[in-house]
Amino acid sequence: TSDQPGTITLMDTMFHSNTDLNGESALKVVHNGSPFGSDHMSFLDIGVPAVLLINGDDEAYPNYHSSSDTIDNVNFDYAAKVAKVALGGLMRVSQM
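Position one of the sequence shown corresponds to residue 1 (our numbering), numbered consecutively onward.
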């Protein structure tokens with residue numbers, strides 16, 4: 001499950017990367033204790049800590065999974081914030 005100790009630590013690490021690196025404009029973080037079928041599930045299934053970083057509101061991005069989901073529709077400010085969370089988390093985990 002997503003509540004295994006390593007995953008909880010990983011989520012906490014990502015949360016702190018978000019608040020430290022995105023400051024006042026930190027992303028809203030939501031924990032779902034019932035993970036669903038996506039790329040991270042195969043890791044969770046074998047006990048490897050994993051998190052899923054997604055825009056939780058698919059309806060807020062009308063181009064999601066459509067032919068109009070092109071680079072010119074990407075919100076680069078939002079993408080940079082997500083990258084800070086992911087890369088900041090990776091840097092922190094590598095120091096553990």
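Positions of the beta carbon are idealized from the N, C-alpha and C atoms, including for glycine.
Which of helix, strand or coil DSSP assigns to residue i
i	result
PRO62	coil
ALA86	helix
THR105	Lying before the first or after the last residue shown, residue 105 is absent from the chain, which here runs from 1 to 96.
ALA80	helix
ILE54	coil
Residue closest to residue i, alpha-carbon to alpha-carbon, out of the options
i	options	result
VAL29	SER42, PHE43, THR13, LEU44	THR13
VAL85	ASP72, MET41, ALA26	ALA26
Buried or exposed (CB count within 10 angstroms, at least 16 for buried), residue i
i	result
ALA79	exposed
Alpha carbon of residue i to alpha carbon of residue j, nearest angstrom
i	j	result
HIS7	VAL51	Sequence inspection shows Thr at residue 7; the His mentioned does not correspond to that position. When rounded, the distance between both Cα atoms is 7 Å.
THR9	ASP77	27 Å
MET91	VAL82	14 Å
Inter-stretch contact (C-beta, 8 Å, three-pair minimum) for the region 61-80 and the region 7-20: Result no; under three Cβ-Cβ pairs closer than 8 Å.
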